[in-house]
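Asker: What the sequence shown shows, in numbering that gives the first Met the number 0, is residues 0 to 263, in sequence order.
The structure follows.
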Amino acid sequence: MKIVTWNINGVRARLGNLTHWLSESAPDIACLQEIKTVDEQFPRAEVEALGYNVETHGQKGFNGVAILSKLRFDEVIRGLPGDDADEQARFIEGVFSTDKGSLRVASLYLPNGNPIDDEKKFPYKLSWMARLERWAQERLLLEEALVLAGDYNVIPEPIDARYPENWLGDALFQPQTRQAFRRLMNLGFTEAVRAVTDAPDTYTFWDYQAGAWQKNNGIRIDHLLLSPEAANRFSSASIEKHVRAWEKPSDHVPVAIQLSLQPA
């Protein structure tokens, strides 16, 4: 089973890229971030025509997440618990039946947090990560295959940036950010890409500015975390880097994993 995460940076602006990619890559489950549309305006018909079930948690103009699945959804939950006042659409989870039991997949768009001296933005990022950690602790107790996929806006290690020194003042690379990510990992997750390669120049995001793509000035901020039950079924991970060279690309590219699971 192929599961992919992709920050598409505006689904309606890149619908052609999305449908082409779905046909080419053929994921069983695709987790999208930054769909930047309300649920009613998501291009559902075009995606369903390719054989996908569609569930969204949208927001006008920014944020927004979705899960597209060839498998039927058994359950859908929108929003990360822990803060009833949080209206930002950044989290959706779906549950599916497989030959090895339940599969739970979450699509998340973690707050950027910049600028770090803003009295709200960086604290919101850290509090959101704390909520995610509490949620993950509870979900791990279910002992089911869990894939936590998305744009984390976290550069875990210096190797995950072409020029780490350029990110020292950025929320994505702050010690508190990286520590929160490690706490999440230390609950028992496997980080898929680094489980298969420790190679440098392994990136998922290239800014639109200053020729970052052409110079390979990238960072790795899109991650898939696997529970022990998912890691036991994990066979490969890959970054579909060529998508960044398409016309009107997102600044992120899809990151894919393969799990040895079949639909029930």
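Cβ coordinates follow ideal geometry from the N, Cα and C atoms, glycine included.
Between Glu246 and His222, which are expected to be in contact by the criterion C-beta below 8 angstroms, what is the C-beta distance as a whole number of angstroms?
Answerer: Not quite, the Cβ-Cβ distance comes to about 27 angstroms (not below 8 angstroms), so this is no contact.
Asker: Quick one: residues in its chain with C-beta nearer than 8 angstroms to the C-beta of Asp38, no 5 flanking neighbours on either side, listed in chain order?
Answerer: Cβ within range, chain order: Thr55, His56, Gly57.
Asker: When burial is assigned at 16 or more other CB atoms within 10 Å of the CB, is Lys119 buried or exposed?
Answerer: Exposed, since its Cβ has fewer than 16 Cβ neighbours within 10 Å.
Asker: Run through DSSP, which three-state label would Ile158 get?
Answerer: Reduced to three states, the DSSP call for Ile158 is helix.
Asker: To which residues does DSSP link Leu147 through a beta bridge?
Answerer: Answer is Ala105, Leu224.
Asker: Just to confirm, is the Cβ distance from Leu224 to Leu147 under 8 angstroms?
Answerer: Contact flag set, yes.
Asker: For a test of the three-state rule: what should DSSP assign to Gln257, helix, strand or coil?
Answerer: Strand at Gln257.
Asker: Using the rule of at least 16 other Cβ atoms within 10 Å of the residue's Cβ for burial, across every protein chain shown, is His251 buried or exposed?
Answerer: Result: buried.
Asker: For Pro26, count the other beta carbons within 10 Å of its own beta carbon; 16 or more makes it buried, fewer makes it exposed. Which is it?
Answerer: Buried is the call here.
Asker: Write down the C-beta distance between Pro253 and Trp20 rounded to the nearest angstrom, noting that I regard them as a contact closer than 8 angstroms.
Answerer: Indeed they touch by this definition, with Cβ atoms about 7 angstroms apart.
Asker: Could you check the C-alpha separation between Thr97 and Ala209 for me, to the nearest Å?
Answerer: Their Cα atoms are separated by approximately 45 angstroms.
Asker: What residue from Thr4, Trp205, Lys69 has the CA that sits closest to Asp159's CA?
Answerer: That would be Trp205, whose Cα lies nearest to the Cα of Asp159.
Asker: Given a cut-off of 8 angstroms on the beta-carbon distance, is the pair Leu70 and Phe95 in contact?
Answerer: The answer is yes: Cβ separation under 8 angstroms.
Asker: Could you tell me which of Glu74, Arg13, Phe61, Lys59 sits nearest to Trp46, measuring between CA atoms?
Answerer: Correcting the residue type first, residue 46 is Val in the shown sequence and not Trp. The residue with the shortest Cα to Cα distance from Val46 is Arg13.
Asker: Based on the DSSP output, what are the partners of Ala135 in its beta bridges?
Answerer: Paired residues: none, contrary to the question.
Asker: Taking Leu31 as part of the beta strand (DSSP E), name the residues at either end of that continuous run.
Answerer: Here the beta strand (DSSP E) through Leu31 covers 28 to 32.
Asker: For Ser234, tell me which candidate among Ala211, Ser259, Lys240, Glu228 has the shortest Cα-Cα distance.
Answerer: Per the Cα distances, Ser259.
Asker: Pull up the DSSP beta-bridge partners for Glu54, would you.
Answerer: Its beta-bridge partners are Ile66.
Asker: At what residues does the alpha helix (DSSP H) containing Arg193 begin and finish?
Answerer: 191 to 195 is the extent of the alpha helix (DSSP H) around Arg193.
Asker: Between Val3 and Ala29, is the Cβ-Cβ spacing less than 8 angstroms?
Answerer: Result yes, Cβ atoms of Val3 and Ala29 sit closer than 8 angstroms.
Asker: Expressed to the nearest angstrom, what Euclidean distance is found between the alpha-carbon atoms of Lys35 and Asn62?
Answerer: Taking the straight line joining both Cα atoms gives about 5 angstroms.
Asker: Looking at the secondary structure, which residues open and close the alpha helix (DSSP H) in which Trp245 lies?
Answerer: Where Trp245 is concerned, there is no enclosing alpha helix (DSSP H), given that its DSSP letter is neither H nor E.
Asker: Say the cut is 7 angstroms; is the CB of Tyr202 nearer than that to a heavy atom of the ligand MN?
Answerer: This structure lacks the ligand MN, and indeed carries no ligand of any kind.
Asker: With distances taken Cα to Cα, identify the nearest neighbour of Ile7 among Ala236, Leu107, Phe172.
Answerer: That would be Leu107, whose Cα lies nearest to the Cα of Ile7.
Asker: With a CB to CB cut of under 7 angstroms and the five nearest residues on each side skipped, what residues in its chain are close to Pro157?
Answerer: If we look at Pro157 and ignore the five residues flanking it on each side, its Cβ neighbours are Pro163.
Asker: Using DSSP bridges, identify the partner residues of Gly100.
Answerer: Thr97, per the DSSP bridge assignment.
Asker: Does DSSP classify Trp5 as helix, strand or coil?
Answerer: In the structure shown, Trp5 sits in a strand (DSSP, three-state: E or B).
Asker: Leaving out the 5 sequence neighbours to the left and right, which residues in its chain are closer than 8 angstroms to Val192 when beta-carbon positions are compared?
Answerer: For Val192, where only same-chain residues beyond five positions count, the Cβ hits under 8 angstroms are Thr201, Arg219, His222, Leu223, Ala236, Ile238, Val254.
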